[in-house]
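Undergrad: Pasting a structure below so you can have a look.
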């Protein structure tokens, strides 16, 4: 490692791009290293590297290679701090790999770091991360078998080319940002991102490697991010906060800083803070002292968009953008984005020839092609607004915990008869054993590097473990059934060398030591108490991942599903192949067939076949029914896909959202404040916070002549109706005897299946009643035809719902809001689709309402509610006071005044998920993160907010993977249920929990099950749905 950097005028300083050890002793500015001393340093450095390997390297036997393997060693690829790397070819398969070689014997601190590198790298599965295959010991050296990137490193390319074009920078920035997003989503900070650690495969794709300085970020629902405080990285790439010793430390944003440095270096051929000494580099980095090459002296064009994006990433940590925000920057659409075919090996040494790489402006044709290339790249890398893949990443530290519990943590040095492989391989090989240990852990322990939706691209991530994710019960706890199990020889992947376990106890792994950091030994908190319960009760924690299968695989895997029913019934949610309701409300054969394909349980047909039931309607041919825009199921499905992507992004984020000075907080949404569930017969009634009253009704049988017909799900909505009903005793109110307010039109809507919703607005005069001489109301006119009669029946149902709800008061202690627009709590978008509830679903004791404009409301049994806008970016959270929430978590009771003291937090969802994060102290006047009152910071965590958002994410994911709103599994094994906090004292045991939909894409169904609220993960006896 060089101890100083030389600046040479008139040429590129390639030494500035070379890896350097941040922990190396800093040399005084005036001190020169004499030739003899330099030779001694080089000799000392050479001693750290292992000797060159022999021509043939032998790999020990392993479960998937009983006879072992051998590799023919090729040329030297490079050297690092204490490793060398050669190419190698598998003797049997002829497959080529990279062989990273380190000495077996190393200082204890290096052993710990190397152990962590093995564990972290083996769990990385992404298109733009060097793939780890295995590790073993041979000739006193440890060999890591890695993916071969035969086009060298990005640093080599930049050195040869003296900088890249902006289109190439776009190409590599998207790939690197995608890998960063993936690592951060799995709780990993790389901490040493630089061009020397980014390699180029045969197709010139960027691949991040060298996880020697990578760190775990341990997060939880009720604790803050554990920020790393180790000095690490390479000087030219190191973020300023890493240099600050003390309490603050650093987090995942150091990788964003490094990406900014990499982009600058790709554009200019040198890092922005290049200096002759390390101290000067650090000073310039702290002060953001850098300059772009002057256009007068440079032959390269660097756009303002590129400069702005780099500046965004070289801000204070709290102001840096998340990876998805980076891809939304105008830089990526301001010029040409190369296609994969454009990036050939020729570019490693020579500049591109195509004119598109140099044009400041594109033609409309090239612009469209460039945008399509960008979308394709984002989908492949799972980043940006166009990605179709929806990934859920399990945290690496949890995977390491499962690996350790299974006795598979690598010992350093690796024993000579041991092959360390990715944990997922061991899981796949040991799937037949899963039932043996299924009782020892809940299904929430599901191990999955990531899972993808039905629409996910295969290239997005190679870590989708569709077969392994349901078998963690065997892997995660196979060897921890008893306290003595950790002294037994591990099974499967690692075979321990002969040891006397009677006298020697294995020390905790480095992963275990890391997880133990900053953890108090005092009494457990609410979250640890919940974890303790897991030992005896299979609680489903917030980190659970919902497994779904691509649509094309569902029928093929039915036999697998059947064989695993017994296992699945013992755990709440190991594997989800979500299904559709058995009761169909459409005669469309194609839709019915699609529903049957998606079902996780056999669809039970009605006694009267759907083909013999005619479809009826509320609307007469003379009434002009208007189509409700954006209500077709396919449009809603597209919206749900975008929502799922945003929820994933927000959950993976580790900082609050940046708020621009131009940002305008959305108006207070329409919210259901009172409801009555009568879904076993008719439907659901509700009152909104602006005093409107509506109902959503299930499909109801009717007759047309002598034939049976079915009215589809429908709804009635009347503004100002609550105030109208409350004035029935007001003798000065002229319309007090009328069933509906006479000043507002009545909105009827109908669900027409695949063609969406249609609506008709009816004058209230159609339902005016006469007033008798004694002042009582007469009967409502039956109507002049069958269509008016059907509407009259719906109004009668609406009135019964309204009277019942108003008689029992509101759910919230809020006044009825006037329509003058002056109230702080007044909803926005009055008189629009934002106030119309078109769908209702209940998951046990969690209610879900979907409004026509796409915003969602979820009510939880702890008397909290979450309202998300249609995009999932803004959230309104009705919460308990922090003390009341903590009391509920610990005792199962809510104080007498807690419900009256509920309040609302309205922030971007990303901010609420990271409410504890500290904002930047150097925010700009136009873009900043909010400063949260310290008294409020603990509220979301105390109210279990993150777990609730994860539950909502799982609901949306299930809908998306099953092809439509409300398409949820109703089987006992896979039914979604809320296992979080609820009242446990002075409550009925058992309770009736209902799973029901009204307005689901492929039909509605209702199930009632007895549930003990103390064990919500266990389903009791099914109740006849025809009974209330």
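Numbering (full-length UniProt numbering), first residue to last: 1 to 1028.
Ideal placement from N, C-alpha and C gives every residue a C-beta, glycine not left out.
(1) Residue 766 by DSSP, collapsed to three states: which one?
(2) Output needed for residue 875: all residues of its chain with C-beta closer than 6 Å, excluding positions within five of it in sequence on either side, in chain order.
(3) Taking the CB atoms as reference points, tell me whether residue 331 and residue 306 lie closer together than 7 Å.
(4) Would you mind reading off the limits of the alpha helix (DSSP H) that contains residue 378?
(5) For residue 635, count the other beta carbons within 10 Å of its own beta carbon; 16 or more makes it buried, fewer makes it exposed. Which is it?
(6) Taking its Cβ as the centre, do 16 or more other Cβ atoms sit within 10 Å of residue 354, making it buried, or is it exposed?
(7) Nearest-angstrom Cα distance between residue 741 and residue 794?
(8) Which of the three DSSP states is assigned to residue 211 in this structure?
(9) Start and end of the alpha helix (DSSP H) containing residue 890?
(10) Nearest to residue 1021 by alpha carbon, out of 999, 159, 1006, 972?
(11) In the DSSP output, what is residue 419 paired with across the bridge?
(12) Going along the chain, which residues of its own chain have a beta-carbon closer than 6 Å to the beta-carbon of residue 566, five neighbours each way excluded?
(13) Can you tell me the Cβ-Cβ gap for residue 132 and residue 148, rounded? I've got them flagged as a contact below 8 Å.
(14) By DSSP, does residue 56 sit in helix, in strand, or in coil?
(15) Is it right to say residue 1030 is buried, meaning 16 or more other beta carbons lie within 10 angstroms of its own, or is it exposed?
(16) Closer than 7 Å by C-beta to residue 987: which residues in its own chain qualify, once you throw out the five before and the five after it? Chain order, please.
(17) Just to confirm before moving on: does the CB-CB distance between residue 864 and residue 849 stay below 7 Å?
(18) Please classify residue 70: does DSSP put it in a helix, a strand, or coil?
(19) Between residue 670 and residue 896, what straight-line distance do the alpha-carbon atoms span, to the nearest angstrom?
(20) When you compare the CB positions of residue 725 and residue 806, do they come within less than 7 Å of one another, or not?
(21) On the DSSP letters alone, give me the boundaries of the beta strand (DSSP E) that residue 997 sits inside.
(22) Note down, in chain order, each residue of its chain lying with its Cβ closer than 7 Å to the Cβ of residue 739, except the 5 sequence neighbours on either side.
(23) Going by beta carbon distance, what residues of the same chain come within less than 6 Å of residue 179, once the five residues before and after it are set aside?
(24) Rounded to whole angstroms, what is the Cα-Cα separation between residue 88 and residue 295?
(25) Whether or not the segment 342-358 and the segment 160-178 are in contact is what I'm after, with contact meaning three or more pairs of Cβ atoms, one per stretch, closer than 8 Å; do they touch?
(26) Tell me where the beta strand (DSSP E) around residue 704 begins and ends.
(27) Just the C-alpha distance for residue 292 and residue 263, rounded to the nearest angstrom, thanks.
(28) Which of the three DSSP states is assigned to residue 859 in this structure?
(29) Alpha carbons only, please: which of 721, 929, 885, 891 is nearest the one belonging to residue 321?
(30) Determine the direct distance from the alpha carbon of residue 837 to that of residue 851, and round the result to whole angstroms.
(31) Can you give me the Cβ contacts of residue 737 inside the same chain, cut-off strictly under 6 Å, excluding the 5 residues immediately before and after it?
(32) Count the other CB atoms, across all protein chains shown, that sit within 10 Å of the CB of residue 755; report buried if there are 16 or more and exposed otherwise.
(33) Can you tell which of 998, 980, 999, 1010 has the C-alpha that lies nearest to the C-alpha of residue 989?
(34) Should residue 1030 and residue 84 be called a contact, given that it needs their Cβ atoms to be closer than 7 Å?
(35) Taking DSSP as the reference, what is the three-state secondary structure of residue 1009?
(36) Kindly give me the distance between the Cβ atoms of residue 957 and residue 644, rounded to whole angstroms, as I take these residues to be in contact under 8 Å.
TA: Inspection of the coordinates gives the following:
(1) helix
(2) 868, 909, 912
(3) yes
(4) 364-381
(5) exposed
(6) exposed
(7) 16 Å
(8) coil
(9) 882-891
(10) 972
(11) 136
(12) Summary for residue 566: the model assigns pLDDT 38, below 50, so the residue's position carries little reliability; its value from the coordinates is reported in the next sentence. Around residue 566: no qualifying Cβ.
(13) Their Cβ separation, rounded to whole angstroms, is 12 Å, which puts residue 132 and residue 148 out of contact at 8 Å.
(14) strand
(15) Limits of the chain in this structure are 1 at one end and 1028 at the other, which puts residue 1030 out of reach.
(16) 1013
(17) no
(18) strand
(19) 27 Å
(20) yes
(21) 991-998
(22) 767, 769, 780, 795, 799
(23) 126, 128, 129, 208
(24) 46 Å
(25) yes
(26) 700-704
(27) 12 Å
(28) strand
(29) 929
(30) 4 Å
(31) 771, 777
(32) exposed
(33) 1010
(34) The chain is shown from 1 up to 1028; residue 1030 falls before or after that span and cannot be answered.
(35) strand
(36) 6 Å
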